[in-house]
Amino acid sequence: MDDHTATKRDAARDAIAERDGVLVAFSGGVDSSVVAALAREALGDDAVACTAKSETLPDAELDEARRVAEEVGIRHEVVEFSELDDPAFVKNDGERCYHCRTMRLGAMYDHARSLGIDTVCDGTNASDPGEGHRPGLRAVAELDVLSPLLAHDISKEEVRDIARDYGLSVADKPAMACLSSRIPTGIEVTEERLSRVERAESLLREWGFEQFRVRDHDGLARIEVGDDELDRALDPEFVRAAREHCDSVGFDHVTLDLHGYATGSVSPESDESVTDVSATEESPTEETVATDRATTDDDSTSEVTQVFETEYPSR
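Using my numbering, the first residue of the sequence shown is number 101, and each one after it goes up by one.
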């Protein structure tokens, strides 16, 4: 880490130290982990990391948040809420992330007040505002959340440098957006869809893929993996496992997107956390390879065909 980054890190830590206590909105990703490490260093036991558990958070990510909090050495608590209680979120329009972040941070503030803490911090960094459609950032501003990385102009790459300096295991961890980001805009977010996405993605995690999504096109699973992992995803054994597993969790068809992983590929522009990948939306048509179940029943595939025609208009 260079001296310039170290100076900005120290300034962010000193700003946190001016507070009587802070609650860090904590996902276990690199951004919130760095903020948690700064807060722990600045305030000791007066810093608390808090993870919001809901239907959109994979169990594996909650387990990871617990592990990383222990690594940082910060007290960790979990609050529960449900985005599905909000019809505006369930509707899944272009403002979904705004509604989600408002509810999530509201739960954080409620818990902070119960602990006698006035300040909630998050991991928004200086690279985030320029990363396309990010309605969740509006909620951060409206709720007066302290964003020390953003306030001190610490970019994503500098966050990773700071994480390495702290020896954090998540320094190079890819972003993991919430499960609702796998559902195309305009299709309602339901517990059933969130559950089958989570269960489908568990297979990719078991196979050791590092950057992946399973997009739920109303019964059609579109698997995305990083460009450097596409060859592995085309392995016949994985193809067979993916087909069988996705079938077992409730999908009707399974596809592999040969464009590879892209943030926000089912959203208006990009409402996922962006890390080291383009937020440009692609429209994979001819280059999408199917590993779906064979069928000759036109009625059983008409719904899937309609989804494809909507999501992938002819170029």
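Cβ atoms here follow ideal geometry from the backbone N, Cα and C, with glycine treated the same way.
Residue interval of the beta strand (DSSP E) (run including residue i)
i    : result
I174 : Run containing I174: none; DSSP gives neither H nor E here.
T355 : H353 to D357
V124 : V122 to A125
T224 : Here T224 belongs to no beta strand (DSSP E), and DSSP marks it neither H nor E.
Residue range of the alpha helix (DSSP H) that includes residue i
i    : result
A136 : V130 to L143
V240 : G236 to E242
M101 : M101 -> no alpha helix (DSSP H), and no H or E assigned at all.
G206 : R196 to S214
D347 : P336 to S348
For residue i, three-class secondary structure by DSSP
i    : result
A147 : strand
V259 : helix
L246 : strand
E183 : helix
T107 : helix
A165 : helix
A390 : The pLDDT assigned to A390 is 35, lower than 50, so where the model puts this residue is not dependable; a value taken from the coordinates is nonetheless given after this. The answer is strand: DSSP assigns A390 an E or B state.
A152 : strand
R113 : helix
Reference residue i; option with closest CA among the options
i    : options                   : result
D328 : Y361, H199, H252 and S133 : Y361
T285 : H252, A263, C197 and S227 : C197
A160 : P248, L304 and G236       : L304
D318 : G121, D352, H359 and S227 : D352
G206 : D102, D228 and E180       : E180
D145 : A152, K153, R340 and H176 : H176
I217 : A275, I283 and V245       : V245
D335 : G350, D316, L356 and R322 : L356
F338 : H359, D316, G350 and G308 : G308
I287 : R119, N192 and A147       : N192
I254 : A226, E242 and C278       : A226
P235 : T202, A149, K108 and R293 : T202
A212 : Q311, F312, D114 and D120 : D120
D222 : E310, S214, P248 and D228 : P248
L243 : P274, M208 and V148       : M208
E118 : A147, T107 and M101       : A147
Y266 : H359, V168 and E306       : V168
D316 : H345, I283, C346 and D347 : I283
7 angstroms Cβ cutoff met for residue i and residue j
i    : j    : result
D261 : T156 : no
A342 : V354 : yes
L250 : T219 : no
V178 : L184 : no
A111 : H252 : yes
I174 : A136 : yes
S133 : L268 : yes
V130 : V259 : yes
S280 : V270 : no
E164 : G128 : yes
V314 : A333 : no
R264 : V349 : no
D186 : H199 : yes
P158 : E292 : no
Considering only residues of the stretch 270 to 329, which uninterrupted beta strand (DSSP E) runs meet the minimum length of 3 residues and lie entirely inside it, listed in chain order? 312 to 316 and 320 to 325
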